[in-house]
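See structure below.
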Amino acid sequence: MNSTRNAQLIIVARLISDFGAFLNMVALATYVYLLSNSAMSVGIFLASRVAGGIFASLIGTRFYRRWAGRLPLIAFDLLRAGLLGLLLVLPVTQQTLLLPLIAFGLGFGNSMFAIGLNSQLPHMIDKAQLLKTNAWITSASSAAMVGGSLVAGLLVAGFGFETVFALNVATYLLAALLIVPLRFSRPALSEEPLHQQGEWPALRQGLRTAPVLAAMLAVAMADTLGSAAHNVGFPIISKLLTPESASTTLGLMLAVWASGKFIGARIASRLKGADNAHLERRFFFGVLLMSCGFILMFQQQTLYGLLLFSLPAGLGDGFSEVGLMSRLQREPDNLRLPIFSFLTLLQMTGFGIGMLIAAPFYSWWTPGAVVLLFHGIPLTTLLVAKGLALRNGRVRRSTPTPAP
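Note that this note's numbering numbers the sequence shown so that position 63 is 125, with each residue one more than the last.
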């Protein structure tokens with residue numbers, strides 16, 4: 063297995079794949095609204111996409127136990143290309159009814175691809191290179207977000223939706239081609255039978271013996287509620303601060319945030335210490351920095367203040383993502399795959415529920431108050447996790463060691 067070559071192919075494939083994902087995320091939401099002239103249709107489209115991700119998280123573990131390796135990753139790139147290709151060949155009159163199904167398929171394909179890649183990365187990359195590779199993947203995703211979001215608007219304005227969809231199909235096909243040369247090492251046979259008792263019972267048992275991992279997943283879940291709130295609030299705060307150029311402000315804010323995430327990922331990969339404890343602290347610090355950054359962002363009354371605090375919010379996001387991915391990939395095969403499926407389930411459900419809960423608050427409270435409330439949830443979860451860890455440490459120290 064050529065680890066360096068695999069890492070380079072994965073990083074480029076992820077860059078192109080995520081570019082395509084952000085391209086269609088921006089273009090399709092606008093396309094759905096123009097076709098239907100209904101905010102409800104946009105909501106159904108987004109909910110269908112989230113539902114596809116939830117379904118993927120429920121079957122991902124069982125699927126990748128049976129079909130591992132590069133072929134499923136290629137298949138999910140081809141699935142996404144085929145779904146978007148339907149918009150190029152079907153008449154517009156038939157597309158309205160199909161768009162929720164296309165959204166479900168895209169959400170399913172995105173999540174299955176992410177579960178398969180993240181859980182199988184240790185079979186493609188040497189352990190010593192995992193942290194660095196995760197940092198580059200996070201950096202590539204950040205660059206893809208900026209590029210995809212900015213290019214989508216320009217292409218739609220200049221060439222129309224068909225050009226965007228055609229480019230999107232090409233990105234997924236190219237990503238699939240880059241996965242073809244990947245080489246996997248097979249997991250040790252002794253690791254595979256450990257899931258015979260059932261995936262979810264095995265996951266519960268594994269998390270009981272690793273309370274820090276359970277705390278990381280709890281904080282990640284709480285963080286999705288905060289993320290849902292600030293995603294709903296982005297266009298609101300942009301219009302509030304700059305009513306004449308809200309879309310420009312939104313683009314600048316996302317660009318600065320993604321730049322911060324890129325820098326955070328690069329710093330996280332260069333810090334000294336790569337053992338489990340360092341990765342765990344990196345994740346918790348990243349969530350703390352990110353939530354505080356978003357809270358301060360939404361308290362600002364000027365565009366410059368908004369952009370200023372977008373940077374630490376992005377830095378924290380980069381720190382936390384690299385720490386979380388690298389730490390979870392240290393787990394053995396029998397636990398790693400269900401953990402990534404469970405993480406996807408937490409993120410999809412938390413984000414979907416969070417958007418539904420957070421949206422009404424913006425009609426009652428100021429954006430700053432809403433984001434303070436919802437980003438207070440991961441901060442509170444962090445404090446509770448830290449308090450439990452300190453208490454457990456005191457209990458262990460005070461428990462006498464039995465005589466041999």
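We put the CB at the ideal spot given by N, CA and C, even for glycine.
Identity of the residue in K448, V213, A202 and Q391 nearest R328 by Cα: A202
Looking at the structure shown, is V318 part of a helix, part of a strand, or coil, going by DSSP? helix
Quick one: give me the first and last residue of the alpha helix (DSSP H) that N172 is part of. V154 to Q182
When the Cβ atoms of the region 124-140 are set against those of the region 177-187, are three or more pairs found closer than 8 Å? yes
Measure from the alpha carbon of L85 to the alpha carbon of each residue in L333, T411 and V208, then state which is nearest. V208
Take the Cβ of G178 as the centre, count every other Cβ of all protein chains shown within 10 Å, and call the residue buried at 16 or more, exposed below. Counting every other CB atom within 10 Å of its CB across the protein chains shown gives G178 a total of 16 or more, marking it as buried.
Hey, G122 and M174: beta-carbon distance below 8 Å or not? yes
Please tell me whether V349 has its Cβ less than 8 Å away from any Cβ of chain D. Note that chain D does not occur in the displayed structure, where there is just one protein chain.
By Cβ distance below 7 Å, which residues in the same chain neighbour N338 in space, the five residues on each side in sequence not counted? R389 and R392
With DSSP collapsed to three states, give me the class of G222. In this structure, G222 counts as coil in the three-state DSSP scheme.
Could you check where the alpha helix (DSSP H) with W129 kicks off and where it finishes? Element bounds for W129: n/a, residue is neither H nor E.
Inter-residue spacing [alpha-carbon to alpha-carbon] between Y126 and S353: 33 Å
In three-state DSSP terms, what is L27? Look at the range of the chain in this structure, 63 to 466, and you will see that residue 27 is not part of it.
Per DSSP, what kind of secondary structure is R344 in: helix, strand or coil? helix
Supposed contact pair G288 and H437 - C-beta distance, whole angstroms, cut 8 Å: 4 Å
So, V349 versus V432, is the Cβ gap smaller than 8 Å? At a Cβ-Cβ threshold of 8 Å, V349 and V432 do not count as neighbours.
Nonlocal neighbours in the same chain, by C-beta distance under 8 Å from G416, ignoring five residues either side: T286, L287, G288, S289, A290, A291 and F436
For E306, the three-state DSSP class (helix, strand or coil): helix
Rounding to the nearest angstrom, what Cα-Cα distance links Q267 and T411 in this structure? 22 Å
At the level of alpha carbons, what is the spacing between A336 and S300? 39 Å
By alpha-carbon positions, which one of M283, Y93 and G376 ends up nearest to A219? Y93
Just the Cα atoms here: how many angstroms apart are A317 and G376? 10 Å
Same chain, Cβ closer than 7 Å to A401, neighbours up to 5 away in sequence not counted: Checking the sequence, you will find Ile at residue 401 rather than Ala. Once the five neighbours on either side are set aside, the close Cβ partners of I401 are L265, L390 and E393.
Going by beta-carbon coordinates alone, are A237 and S79 separated by less than 8 Å? yes
Under 8 Å between C-beta atoms of L240 and A75: Going by C-beta atoms, L240 is nearer than 8 Å to A75.
Under 8 Å between the Cβ atoms of V384 and S331? yes
Can you round the beta-carbon distance between F296 and L279 to whole angstroms, since I take them to be within the 8 Å contact cut? Cβ atoms of F296 and L279 stay farther apart than 8 Å, at about 26 Å.
With a Cβ-Cβ cutoff of 8 Å, do G115 and T233 count as a contact? no
Backbone secondary structure at Q267 - three-state DSSP: helix
Going by Cα to Cα distance, which pick from D139, L275 and M359 is closest to L303? M359
Please report the straight-line C-alpha distance between L149 and Q157, rounded to a whole angstrom. 7 Å
Skipping 5 residues on each side, what residues in its chain have a beta carbon closer than 6 Å to that of S403? The residues are S119, G122, T123 and I177.
Under three-state DSSP, which class holds N99? coil
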